[in-house]
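Worksheet: one structure, shown below.
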Amino acid sequence: MDRLHIYNTRTLVAVEFASSPSSLAGIARQAHTFRRLDLAESLALNGKAVRSAASPVAAEQVTRLMEVLKGRIDFWEKLVPAGLKCFVHLVRFNDEASGRAGYAQAVAAFPGFAMIGLYAVDPTISIFPQAFPLDPAPNMWQPGRRNEASKDSLFFFNFFPQQPALYGFVVQGTLAIYSEGAPGLYHTNNYVDLVSDQFISAGTVDKVVAVNLNRYQDGNGFFKAVAAGAAKSVIVDGHERFQWHGMLTRLVEAG
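Structure below.
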């Protein structure tokens with residue numbers, strides 16, 4: 024893995040409300056599109072995870088997690104216009120120059136996007152950043168094996184506004200969840216920081232300064248790992264002062 028290259032890349036993150044997603048494939052080869060799961064779909068995945076929990080304690084943790092997630096997921100639920108869906112676009116550029124050029128091109132071509140920003144991978148929080156979103160990731164719980172993306176993979180995107188102790192909150196939450204990811208439930212993430220002030224909102228989306236882009240084995244793996252990790256992190260304990268709004272998503276287009 025060429026880590027220097029990974030950290031020199033730039034990632035365009037855009038949120039779109041539409042009946043079907045736009046394609047950003049003409050801007051860069053590495054363009055991926057994800058569909059946001061609505062609250063009903065998220066609750067259904069949660070219910071399945073509760074029923075398959077290994078113990079009453081685990082079931083209670085999964086239930087508690089959904090109580091916290093509802094308010095965070097509802098942020099986007101309230102913004103999606105009636106009759107439309109919500110999509111997230113990720114475009115990876117090889118360097119700063121191509122990233123800024125591609126960002127300008129996307130802003131001009133898609134003025135109706137709900138939000139659009141250009142971000143850089145943070146090396147200290149991102150776990151196996153070369154694997155996101157679809158490449159194999161090392162399985163640190165089972166050395167020699169790899170976590171493979173599949174049609175069941177679930178992607179969870181966290182959007183963070185500026186706030187005190189943001190970095191500490193994210194480090195604590197991410198490491199707590201990953202520690203509960205055996206035997207390979209939590210595959211990989213890219214924690215990306217906003218590049219200068221390149222952020223545009225065409226709606227009521229507040230400015231975000233960072234996004235955590237995560238891949239999990241499947242819906243059950245997401246709730247199992249995150250619920251166990253959240254139980255010992257700020258995601259649940261003290262969550263009122265930790266500001267973020269998230270999306271559970273599925274891949275719909277890969278570049």
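Reading the sequence shown from the start, the letters are residues 24 to 278 in the working numbering. Every residue gets a Cβ at the ideal spot worked out from N, C-alpha and C, and that includes glycine. Everything numeric in this text was worked out from a predicted model, so none of it was measured.
Listed in chain order, the non-local C-beta contacts of Ser224 below 6 Å within the same chain comprise Met138, local neighbours out to five positions each way being set aside.
Leaving aside the five residues that flank Asn213 on each side, the residues in its chain whose CB is nearer than 6 Å to its CB run, in chain order, Val144, Ser149, Pro152, Phe155, Leu236. Within 10 angstroms of the beta-carbon of Lys101 lie fewer than 16 other beta-carbons, which makes it exposed. Residue state for Lys174 is assigned as coil, using DSSP reduced to three classes. In the DSSP assignment, Thr86 falls within the unbroken alpha helix (DSSP H) covering 79–102. Ranked by Cα distance from Glu64, the first of Ala277, Gly278, Arg273 is Arg273. Per DSSP, the beta-bridge partners of Glu276 are Thr56. Across the structure, Gly278 and Arg58 are spaced so that their CA atoms are roughly 15 Å apart. Annotated as distal: Arg238 and Thr197, with beta-carbon spacing of 8 Å or more. The C-beta of Leu27 has fewer than 16 other C-beta atoms within 10 Å across all chains shown, which makes the residue exposed. In this structure Leu141 is in contact with Arg123, their Cβ atoms being roughly 7 Å apart against a cut-off of 8 Å.
Taking a C-beta distance under 8 Å as the contact criterion, Val215 and Thr56 do not qualify as a contact pair. A straight-line Cα-Cα distance of about 9 Å links Gly244 and Ser176. Here Gln240 has Leu208 as same chain residues with Cβ atoms under 6 Å from its own Cβ, once five neighbours each way along the sequence are excluded. Beta-carbon to beta-carbon, Ala251 and Leu189 are separated by about 23 Å, too far to satisfy the 8 Å threshold. In the structure shown, the three-state DSSP call for Ile200 is helix. In the DSSP assignment, Ala253 falls within the unbroken alpha helix (DSSP H) covering 242–253. DSSP places Ile148 outside both helix and strand once states are collapsed to three, so it counts as coil.
Ala82 and Gly49 have their C-alpha atoms some 45 Å from each other.
As computed with DSSP, Ile223 is found in a beta bridge with Ile139. Your pair Val114 and Leu47 checks out as a contact, with CB atoms roughly 5 Å apart and the cut at 8 Å. DSSP links Asn213 through a beta bridge to Leu236. Sequence-distant partners of Asn117 (beyond 5 residues in either direction) whose C-beta falls short of 7 Å from its own C-beta, in its chain, are Thr32.
Put simply, the backbone Cα of Gly94 is about 28 Å away from that of Ser173.
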